[in-house]
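Here the working numbering = 1-based position in the sequence shown + 39.
Ideal Cβ positions, reconstructed from N, Cα and C, are used throughout, including at glycine.
Nothing here was measured: the structure is a model prediction, and the numbers come from that model.
Have a look at the structure below, then the notes.
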Amino acid sequence: RIHGYKNLNLALIFTNQGGWQVMLYDKNVFNTTAITGTFLNSDDAGLTTNLFLTDPKLIGIRVTKNW
Numbered sequence: 040r041i042h043g044y045k046n047l048n049l050a051l052i053f054t055n056q057g058g059w060q061v062m063l064y065d066k067n068v069f070n071t072t073a074i075t076g077t078f079l080n081s082d083d084a085g086l087t088t089n090l091f092l093t094d095p096k097l098i099g100i101r102v103t104k105n106w
């Protein structure tokens, strides 16, 4: 059974008439670690379980130019 969780991503985009665009972003603002899925391996692998987790916090900037 997978429990519910909350995740917040933010992005702020600045553009100008010259075609430049700057984006500031913050993924997983509160750095929440939650299980998003599981997978039970076969018995020949020892019945181990794989866990899928949310991505870690990521802060970045992206600059682009359009012609």
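In the three-state scheme derived from DSSP, where H, G and I count as helix and E and B as strand, Ala-50 is classed as strand. The residues Leu-49, Ile-98, in chain order, have a CB closer than 6 Å to that of Asp-65 in the same chain once the five nearest residues on each side in sequence are set aside. Proximity of the region 67 to 77 to the region 86 to 95 meets the contact definition, three or more beta-carbon pairs being nearer than 8 Å. DSSP lists Trp-59 as the bridge partner or partners of Lys-104. Each of Tyr-44, Lys-45, Gln-56, His-42 was checked against the Cα of Trp-106, and the nearest Cα belongs to Gln-56.
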